[in-house]
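Enquirer: In numbering that gives the first Met the number 0, the protein residues as written are 0 to 751.
I have a structure here, written as structure tokens, and I will follow up with some questions on it.
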Amino acid sequence: MMLFNEADTNKEPSYLELLNPAQRTAVETTEGPVLIIAGAGSGKTRVLAYRVAHLIYQGVPPRSILALTFTNKAATEMKERISAIVGDDKSSMVWAGTFHSIFARLLRQVASSLGYTSSFSIYDTEDSTSLLRKILVDFQIDPKTSSPKSFLHGISKAKNELKSWQDFADDTSPQMKVFVSVYKEYEQRLRAYNAMDFDDILINMIRFLQLSPQTLEFMQQRFQYILIDEYQDTNRSQYISTKLMAEAHKNICVVGDDAQSIYAWRGADIRNILEFQKDYPDALAVRLEQNYRSTKTILNAANAVIAHNTHQLKKELFTENPEGPAITLMETQVDRVEAERICQRILIDTSTRGDLQLKDIAILYRTNAQSQIIEDTLRKNNLKYTIIGGMSFYKRKEIKDILAYLKLLINPSDQESLSRVCDLTTGIGKTSLMKVEVYAKMNRIDLIEAFSQVHEIDGITKKAADAMMQLATLVEDNKFRLDHEPHADVAISYIEQSNYLKLYSNTDDEDMQDRLRNIETFVENLRIYLENEENINQEDATKPTIQEYLHQMALISDIDTLDLNADRISVMTLHSAKGLEFDTVFLAGLEDGLFPLTRETSTKKDKEEERRLFYVGITRAKKKLYISYAKQRMRYGYSTFSAPSPFLAEIPEELFEQRHSLTNSRTVNSQVKKPTTMTSTSYFQNEMPEENYSQLEEHSMYTVGMMVRHRSFGEGKIIRISGGGESAQVEVTFRSVGQKKLMLKFAKLEII
DNA sequence: ACAACCGACTTTTTT
DNA sequence: AGTCGGTTGT
């Protein structure tokens with residue numbers, strides 16, 4: 000299976016033949032700094048993987064290669080590709096992963112030098128917010144004037160700029176004083192709890208590198224070759240940390256596309272990529288401009304759109320792919336109909352194009368809020384889909400609760416998790432908890448330890464004391480079991496003993512039963528993970544333990560779990576779609592204000608980022624692009640009216656499907672056709688007036704067994720009618736082409 | 001300590 | 001609109 004044989008070094012490795020000249024240069028220039036400007040669909044992932052494979056081919060030890068990606072999914076994909084060339088045993092030793100997951104793993108090995116233990120917790124946004132809320136309460140800061148979230152935002156921004164609270168200490172404005180005190184307290188508590196937030200993982204890596212010349216040299220030696228994907232989306236601490244690591248050998252290869260920079264809002268600094276050649280004057284710059292993904296039509300649209308940005312590196316993607324079908328623009332009155340129309344098109348396309356499967360289709364939108372209505376409509380039409388983002392499985396309350404219980408077992412200092420568990424435990428209230436907290440602080444012990452000594456503390460009700468004692472015992476006993484029993488057994492019985500499940504059982508509340516099922520799914524996944532021997536095989540991966548599981552869990556994102564092989568429509572935000580590609584893409588909600596999303600503070604720069612996001616969306620499509628918008632949309636619970644997105648006018652008109660090509664597309668309901676109000680622009684797809692929709696319920700003129708004639712398929716017999724209303728479908732066996740599934744509403748069936 | 005009610009906030013995007 | 005956290009009354 001391997002594409003090269005080590006012994007046979009005279010011959011050029013065959014995988015190089017699969018590359019174009021630019022790609023090949025990018026792969027073969029293994030020494031020194033390399034900047035790869037890779038346009039959308041230019042084979043970037045392939046180049047990265049081949050480059051790593053080539054390094055290994057040339058004898059570089061896999062474990063000294065560090066490949067940093069944006070998502071875990073991208074890392075897994077890269078590993079798979081590398082593995083296909085050099086084999087699994089070698090590829091699994093490459094350090095490939097996200098900044099956060101790789102750094103966290105490294106930090107666990109050196110945690111003690113930074114004042115943590117190796118089992119430190121990682122706090123997500125919710126954990127951090129909840130911690131800040133408690134701090135605000137303690138500091139008696141009115142949460143109305145400044146919310147925990149706004150503090151977290153400020154702190155995260157400061158951390159991204161590598162500024163500690165001390166850096167603001169000189170600022171004496173009252174507002175800043177408050178900020179500094181909260182920032183300081185937040186940092187101290189994280190430390191006391193043996194916990195890091197997302198930003199800390201990056202910052203602590205820098206701190207470690209700068210701890211001493213020895214630690215820096217150690218890391219530089221460890222990673223001789225560094226590759227960074229999506230470099231346009233790296234932030235300051237990611238930039239600094241990798242720059243430090245590469246300082247000695249300068250074997251740093253970054254790949255990115257300034258036109259796809261869409262994360263400035265969370266601190267990504269586009270200068271990192273724009274000024275790479277300033278940092279490394281002898282860097283080789285390679286441009287990958289041939290697109291292998293999309294049709295000419297789609298690429299032309301993308302190029303035209305991005306040309307409206309002033310602050311963009313000049314780049315013109317080209318493709319040798321065919322022209323492809325025109326872009327379809329769909330205008331509807333309201334959002335629900337927009338969703339309905341998308342579903343109809345999917346039903347039509349999948350039935351008329353034999354090669355098109357649901358997994359080839361994506362519906363993309365700007366905000367997660369838009370997903371609800373799309374989801375509803377897909378479900379109504381019996382279309383299978385996978386949704387990414389929104390409320391991800393692991394962010395659900397019941398799952399986070401279970402995770403908090405488990406974290407307690409691993410990190411006894413994790414007071415945030417403990418406090419979450421206390422909220423769930425009947426008997427433990429605010430008053431008694433406060434008293435024990437004081438006691439723990441005075442005696443310098445962990446809160447959970449104080450629980451086991453609760454009888455020594457004055458003024459605690461018996462009920463509270465019992466509950467605390469019980470919790471302390473539960474955690475203590477199971478912690479002990481971790482060293483002696485299979486973790487799967489411990490996890491399951493621990494969760495059972497916790498009584499947490501009681502909250503959800505004995506009720507016919509549907510929501511509660513749902514949550515219980517989620518927990519069951521979660522526990523089952525956990526069990527499978529813990530019992531899976533395969534996880535042990537990887538060189539540097541440890542045994543599958545509860546620790547390991549929690550550590551991985553903290554940094555997993557929704558997109559990582561997306562299974563593109565399942566035959567389902569992918570539904571997600573444009574941000575989540577970065578790096579993915581689909582045959583057919585629907586871009587929904589192209590309305591002014593929604594996309595580009597604008598708020599009072601929006602600047603020209605923001606609009607350019609929105610435009611890049613649009614560019615990303617367009618270039619996800621391989622063959623067919625649909626763009627839609629609704630004039631009227633529910634937002635915040637009430638109806639808002641919007642004009643079409645100004646972005647639409649940036650796509651050359653001739654790339655859109657012309658109206659006349661569709662005017663004749665319906666015959667079944669032609670008798671109900673009324674004059675429609677069309678927009679002045681000529682390229683909108685002809686739309687059915689919405690007041691006619693109800694009349695579509697009437698499809699009873701067709702029955703099973705009836706002979707019909709189709710304009711292109713000829714004569715056939717109806718063998719099935721399914722669905723109702725909008726989405727009624729017929730299955731017809733045609734003499735010429737055999738069985739076809741058709742949308743009744745659009746199929747031109749003549750009864751014979 | 002807990003249940004029931006109330007009001008604020010969400011909806012930009014996420015490691 | 002729906003969720004979540006906080007408040008109030010028992």
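Cβ coordinates follow ideal geometry from the N, Cα and C atoms, glycine included.
Kindly indicate the opening and closing residues of the alpha helix (DSSP H) around D488.
Expert: 486–496
Enquirer: Along the chain, where does the beta strand (DSSP E) that runs through D96 open and close?
Expert: Note that residue 96 is Gly in the sequence shown here, rather than Asp. First-last of the beta strand (DSSP E) with G96: 94–97.
Enquirer: Helix, strand or coil for K478 per DSSP?
Expert: helix
Enquirer: Please report the residue range of the alpha helix (DSSP H) in which S120 lies.
Expert: Here S120 belongs to no alpha helix (DSSP H); instead the beta strand (DSSP E) covers 120–122.
Enquirer: Going by the DSSP bridge assignment, what does T318 pair with across the sheet?
Expert: In the DSSP assignment, T318 is bridged to N290.
Enquirer: Hey, would you say L130 sits closer than 9 Å to E415, going by beta carbons?
Expert: yes
Enquirer: Quick one, are the C-beta atoms of I491 and V522 less than 9 Å apart?
Expert: yes
Enquirer: Do the CB positions of V615 and I261 come within less than 9 Å of each other?
Expert: yes
Enquirer: What separation, rounded to the nearest whole angstrom, lies between the Cα atoms of S664 and N308?
Expert: Confidence in S664 is poor, its pLDDT being 35 and thus under 50, which makes the residue's placement too unreliable to answer from.
Enquirer: For K78, report the span of its beta strand (DSSP E) as first-last.
Expert: Run containing K78: none in the beta strand (DSSP E); it sits in the alpha helix (DSSP H), 71–85.
Enquirer: Could you pull out every residue in the same chain whose Cβ sits closer than 6 Å to the Cβ of E475, ignoring the five residues on either side in sequence?
Expert: none
Enquirer: Counting only the same chain and skipping the five closest in sequence on each side, list residues whose C-beta sits under 7 Å from that of K621.
Expert: R292, S293, E580, F581, D582
Enquirer: Within its chain, find whatever has a CB closer than 8 Å to the CB of L113; leave out the 5 residues flanking it on each side and keep chain order.
Expert: The residues are L106, N203, R206, F207, L210.
Enquirer: Might you give, ordered along the chain, the residues of its own chain that have their beta carbon closer than 7 Å to the beta carbon of L17, omitting 5 neighbours on each side?
Expert: none
Enquirer: Please work out which residues of its chain come closer than 7 Å, Cβ to Cβ, to N477, disregarding the five sequence neighbours upstream and downstream, and give them in chain order.
Expert: L408, V489, Y493
Enquirer: Is it true that the region 272–287 meets the region 326–334, where meeting means three or more beta-carbon pairs spaced less than 8 Å apart?
Expert: no
Enquirer: Residues in the same chain with beta-carbon distance under 7 Å from Q219, minus the five sequence neighbours each way, listed in chain order, please.
Expert: M244, E246, A247, H248
Enquirer: Does E590 come out as helix, strand or coil in the three-state DSSP assignment?
Expert: Three-state DSSP puts E590 in a strand.
Enquirer: Are there 16 or more other CB atoms within 10 angstroms of the CB of T572, so buried, or fewer, so exposed?
Expert: buried
Enquirer: Q631 bridges to which residues according to DSSP?
Expert: In the DSSP output, where bridge partners are listed per residue, Q631 has V333, F640.
Enquirer: Tell me whether W94 is buried or exposed, calling it buried when 16 or more other Cβ atoms sit within 10 Å of its Cβ.
Expert: buried
Enquirer: I200 lies in the alpha helix (DSSP H); which residues open and close that run?
Expert: 197–208
Enquirer: Between G96 and the rest of its own chain, which residues show a CB-CB distance below 6 Å, the 5 nearest in sequence each way excluded?
Expert: These residues qualify, in order along the chain: A74.
Enquirer: For I305 and D232, I'd like the C-alpha separation in whole angstroms.
Expert: 18 Å
Enquirer: Among Q289, Y224, E274, which residue has its Cα nearest to the Cα of E30?
Expert: Of the candidates Q289, Y224, E274, the one whose C-alpha sits nearest the C-alpha of E30 is Y224.
Enquirer: In angstroms with no decimal places, state the Cα-to-Cα distance between S412 and H53.
Expert: 45 Å
Enquirer: Going by beta-carbon coordinates alone, are Q356 and D566 separated by less than 9 Å?
Expert: Yes, they are a contact pair.
Enquirer: Which value, in whole angstroms, describes the spacing of the CA atoms of E322 and V109?
Expert: Roughly 55 Å separates the two Cα atoms.
Enquirer: Pop quiz: I387 and L593 are said to be a contact at Cβ under 8 Å. What is the actual Cβ separation, rounded to whole angstroms?
Expert: Not confirmed; about 19 Å, so no contact.
Enquirer: If I measure Cβ to Cβ from Q237 and keep anything under 7 Å in the same chain, skipping five residues before and after, which residues do I get?
Expert: F98, L201
Enquirer: In the DSSP assignment, find the unbroken beta strand (DSSP E) run with I251 in it and report its ends.
Expert: 251–255
Enquirer: Per the DSSP calculation, I362 is bridged to which residue(s)?
Expert: V570, F585
Enquirer: In this structure, does DSSP put L312 in helix, strand or coil?
Expert: coil
Enquirer: M441 and V453: beta carbons closer than 9 Å?
Expert: no
Enquirer: Have a look at L215 and Y548 and give me their C-alpha separation to the nearest angstrom.
Expert: Cα to Cα, L215 sits roughly 29 Å from Y548.
Enquirer: Given a threshold of 16 other Cβ atoms within 10 Å of its Cβ, counted over all protein chains shown, does A648 qualify as buried or as exposed?
Expert: exposed
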